[in-house]
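For the sequence shown, counting from 1, position 279 maps to 393 in the working numbering; every step adds exactly one. We treat Cβ as the ideally placed atom computed from N, Cα and C, and that holds for glycine.
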Amino acid sequence: MNSSALALLRDHPLVFFTGGTALRELSRCFAARGCHTTHLVTTFDSGGSTARLRAAFAMPAVGDLRNRLLALADTKACGLPLVRCLETRFPKEGDQEALRKDLRAMARPDHVVWEGLGSATALCLQSCLDTFLSAMPANFDAREASLGNICMTGKYLQEHRSLSAVMGLFSRLLHIHGEVLPIVEESLHLAARLRDGTLLVGQHHFKDLTSPIVRFFLTVSEPDRAERGTALPVACRPRAASPALARLREAGLVCYPMGSFFSSVLANLLAEGTGHIIADLSCPKVFIPNTGTDRELLGQSLTDQLGMLIDTLRVDAPKARARDLVSHVLLDTKNGQYAGDLPALRLWTENLDIDLLDCDMVTARGCAHDPHKTAQALLRLLGME
């Protein structure tokens, strides 16, 4: 890509609504090309070690943010030792007191985990860890804990619970290509009602559905309380974070990419402000459905997915045309595997004036999207490939 195209993408970036790890390799692909991308990331994870951090500090989930930061890191500038440090994870099993002792030992400046880091970077992360340790509950469960998440939590506490400040620091430390921004800064959880009446609270419950999701929302209710039956979850609709909305307004392309449809993609669109801004943009707005199996999409066809995507965005923009919210759907009909009737989808998109494009994005039948081919397909929409 030439310098003028790269400069254009810096001013008007490709904006991805995402979470989880499905976009990790595509993110790296754009970073390797020097393409500026913006990632609006969910903060609602509620499983494993993330759940323990959230419960201890009443905070949003930072794991997906950390993953995307590391995917966009310039390892030549920040160094592989920093990436390895932030990827350090405690064992899945072990004596809890021994694990807490190991965590406290990491606060020593001569600990091996800081080996290879510049002195300023090491001091910064050690300060974050010290803050975390000072606030850590005596019974904190460190199994599978991520040192990167712990340092981000320490910075979050230092900055009076400002997630934007956390992202600013770690973006600079990692010299990331692009931007990673939380869609909201509040500590919220995902909830869903299934067709059979079951109510789920907590993203970690969405992996093994017994019935299709018919309603999907954010709540301040915590998963463990809902599971004990002490309180029914109350839906809430927070305003999306100001930095996320500001960057969305400048988008040169908006992408609803492959990934867990509800918890990684649709979850980003539940915040107030996103649909209205997207409807006003004149750039391509692209839906790339999953190929293969997404356990969250039990009983949902491609047509169902597109309908839910449009309906969710229309909460903010009730008068918007479908094309104002989703202008293109990218499929690979040769190697992609999709749920539902493709001819029915084709007819429906024609009626909605949405362009259904058949692109070479999947290398073999049943495989995931190839990051390089998917990047090419997106850049082609901008006339840059």
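Own chain, CB closer than 8 Å to residue i, minus 5 neighbours either side, in chain order
{"i": "Val348", "result": "Thr333, Val334 and Ser335"}
{"i": "Leu313", "result": "Ala305, Ala306, Arg307, Ala340, Leu346 and Pro347"}
{"i": "Leu384", "result": "Phe330, Phe331, Leu332, Arg351 and Thr426"}
Within 7 Å, strictly: CB atoms of residue i and residue j
{"i": "Ser141", "j": "Leu186", "result": "yes"}
{"i": "Ala365", "j": "Val129", "result": "yes"}
{"i": "Gly292", "j": "His150", "result": "yes"}
{"i": "Glu299", "j": "Ser163", "result": "no"}
{"i": "Arg124", "j": "Val155", "result": "no"}
{"i": "Gln451", "j": "Thr405", "result": "yes"}
{"i": "Pro371", "j": "Leu137", "result": "yes"}
{"i": "Thr152", "j": "Pro127", "result": "yes"}
{"i": "Pro337", "j": "Gly316", "result": "yes"}
{"i": "Leu200", "j": "Gly161", "result": "no"}
{"i": "His289", "j": "Asp159", "result": "no"}
{"i": "Ile402", "j": "Leu466", "result": "no"}
{"i": "Gly282", "j": "Thr245", "result": "no"}
{"i": "Thr477", "j": "Asp469", "result": "no"}
Close Cβ partners of residue i (< 6 Å) along its chain, the five nearest in sequence each way excluded
{"i": "Leu120", "result": "Gly148"}
{"i": "Arg351", "result": "Glu386"}
{"i": "Ala256", "result": "Phe204, Leu213, Arg214 and Leu217"}
{"i": "Arg309", "result": "Ser325, Pro326 and Val328"}
{"i": "Ala431", "result": "Gly389, His390 and Ala393"}
{"i": "Ala482", "result": "none"}
Sequence-distant residues of its chain with Cβ nearer than 7 Å to residue i (five each side left out)
{"i": "Lys206", "result": "Arg257 and Glu258"}
{"i": "Thr235", "result": "Leu196 and Leu287"}
{"i": "Ile424", "result": "Ala436, Leu439 and Val440"}
{"i": "Gly480", "result": "Gly406 and Gln451"}
Rounded C-alpha distance that separates residue i from residue j
{"i": "Leu237", "j": "Leu179", "result": "22 Å"}
{"i": "Ser276", "j": "Tyr270", "result": "6 Å"}
{"i": "Gly413", "j": "Leu231", "result": "49 Å"}
{"i": "Met266", "j": "Gln240", "result": "11 Å"}
{"i": "Ser396", "j": "His318", "result": "36 Å"}
{"i": "Leu302", "j": "Gly208", "result": "30 Å"}
{"i": "Leu420", "j": "Val429", "result": "15 Å"}
{"i": "Glu499", "j": "Pro398", "result": "15 Å"}
- Query: Does the count of Cβ pairs from the stretch 367 to 380 and the stretch 465 to 473 closer than 8 Å reach three?
  - Reply: no
- Complete alpha helix (DSSP H) runs within the stretch 155 to 210 (minimum length 4 residues, chain order): 162 to 171, 177 to 185, 189 to 192 and 194 to 201
- Message: I'd like the ranges of any alpha helix (DSSP H) spanning at least 4 consecutive residues and lying wholly in the stretch 259 to 285.
- Response: 261 to 272
- Item | Within the stretch 382 to 426, ranges of the alpha helix (DSSP H) (whole runs, at least 4 residues) | 388 to 394
- Item | Contiguous beta strand (DSSP E) assignments of at least 3 residues, all confined to the stretch 351 to 383 | 367 to 370
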